[in-house]
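A short write-up of the structure that comes next.
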Amino acid sequence: MAHERMRAAADDSSQSPVGAVGKVTVPIPPGGPGEVLVALRGGSEVFAAWCSEPVGRDVRVVVVDAISARSVIVELLPP
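Residue numbers (this note's numbering): 717 to 795.
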(Lines of atoms letter the chains of each structure in order from A and count residues from 1; the text may use other names and numbers.)
(Lines give C-alpha, C1' and ligand atoms only; values in the text may rest on other atoms or scores of the structure.)
Protein backbone atom coordinates (compact mmCIF):
# COMPACT_ATOMS: atom_id res chain seq x y z
CA MET A 1 0.00 0.00 0.00
CA ALA A 2 2.75 2.51 0.92
CA HIS A 3 4.59 1.55 -2.27
CA GLU A 4 1.48 2.43 -4.32
CA ARG A 5 1.21 5.83 -2.63
CA MET A 6 4.88 6.56 -3.36
CA ARG A 7 4.44 5.60 -7.01
CA ALA A 8 1.29 7.75 -7.29
CA ALA A 9 3.11 10.71 -5.73
CA ALA A 10 6.01 10.27 -8.17
CA ASP A 11 3.65 10.07 -11.16
CA ASP A 12 2.35 13.61 -11.53
CA SER A 13 1.32 13.12 -15.17
CA SER A 14 -2.27 13.92 -14.24
CA GLN A 15 -1.29 17.40 -13.00
CA SER A 16 -3.61 19.95 -14.56
CA PRO A 17 -2.14 22.83 -16.55
CA VAL A 18 -4.89 25.16 -15.25
CA GLY A 19 -3.29 28.12 -13.52
CA ALA A 20 0.07 27.60 -15.21
CA VAL A 21 1.77 30.45 -17.05
CA GLY A 22 2.78 29.93 -20.64
CA LYS A 23 4.24 31.73 -23.63
CA VAL A 24 2.58 31.78 -27.05
CA THR A 25 4.81 30.04 -29.61
CA VAL A 26 2.32 30.06 -32.50
CA PRO A 27 0.00 33.10 -32.62
CA ILE A 28 -3.59 32.44 -31.55
CA PRO A 29 -5.98 33.70 -34.26
CA PRO A 30 -9.63 34.66 -33.71
CA GLY A 31 -11.61 31.44 -33.30
CA GLY A 32 -8.71 29.13 -34.01
CA PRO A 33 -5.98 27.42 -32.10
CA GLY A 34 -2.47 28.63 -31.66
CA GLU A 35 0.17 27.04 -29.51
CA VAL A 36 1.55 27.74 -26.05
CA LEU A 37 4.59 26.46 -24.22
CA VAL A 38 3.68 25.91 -20.56
CA ALA A 39 6.01 25.29 -17.61
CA LEU A 40 4.57 22.11 -16.12
CA ARG A 41 5.65 18.93 -14.33
CA GLY A 42 9.24 20.12 -13.91
CA GLY A 43 9.64 20.87 -17.60
CA SER A 44 7.83 22.53 -20.50
CA GLU A 45 4.94 21.17 -22.53
CA VAL A 46 3.24 22.38 -25.70
CA PHE A 47 -0.55 22.72 -25.89
CA ALA A 48 -2.98 23.77 -28.61
CA ALA A 49 -4.48 26.99 -27.24
CA TRP A 50 -7.63 29.02 -27.76
CA CYS A 51 -8.32 32.53 -26.47
CA SER A 52 -11.30 34.90 -26.66
CA GLU A 53 -9.06 37.40 -28.44
CA PRO A 54 -6.15 37.12 -30.89
CA VAL A 55 -2.77 36.74 -29.17
CA GLY A 56 0.62 37.32 -30.77
CA ARG A 57 3.78 35.27 -30.54
CA ASP A 58 5.88 35.54 -27.35
CA VAL A 59 2.97 36.94 -25.29
CA ARG A 60 2.67 35.51 -21.77
CA VAL A 61 -0.67 33.91 -20.93
CA VAL A 62 -2.27 31.94 -18.12
CA VAL A 63 -4.16 28.68 -18.65
CA VAL A 64 -7.76 29.07 -17.44
CA ASP A 65 -9.23 25.74 -18.60
CA ALA A 66 -8.17 22.40 -20.07
CA ILE A 67 -10.50 21.19 -22.81
CA SER A 68 -8.57 17.98 -23.47
CA ALA A 69 -5.24 16.43 -22.54
CA ARG A 70 -3.38 18.60 -25.08
CA SER A 71 -5.72 21.59 -25.57
CA VAL A 72 -6.25 24.57 -23.29
CA ILE A 73 -8.03 27.89 -23.06
CA VAL A 74 -5.83 30.83 -22.11
CA GLU A 75 -6.15 34.47 -21.14
CA LEU A 76 -3.61 37.27 -21.29
CA LEU A 77 -1.52 37.39 -18.16
CA PRO A 78 -2.57 40.39 -16.08
CA PRO A 79 0.12 43.09 -15.92
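No residue lacks a Cβ here, since even glycine has one placed at the ideal position from N, Cα and C.
By a C-beta neighbour count over all protein chains shown, 10 Å radius and 16 as the cutoff for buried, is residue 762 buried or exposed?
Exposed, by the Cβ-count rule.
By Cβ distance, which residues of its chain are closer than 6 Å to residue 771, with the 5 residues on each side in sequence left out?
For residue 771, where only same-chain residues beyond five positions count, the Cβ hits under 6 Å are 740, 744.
Taking the C-alpha atoms as reference points, what is the distance between residue 793 and residue 759?
The alpha-carbon atoms of residue 793 and residue 759 are separated by roughly 20 Å.
Are the CB atoms of residue 778 and residue 684 within a distance shorter than 7 Å?
There is simply no residue 684 to check, as the chain begins at 717 and stops at 795 in what is shown.
Take residue 768 as the anchor and find which of 735, 733, 750 has the nearest alpha-carbon.
It is 750.
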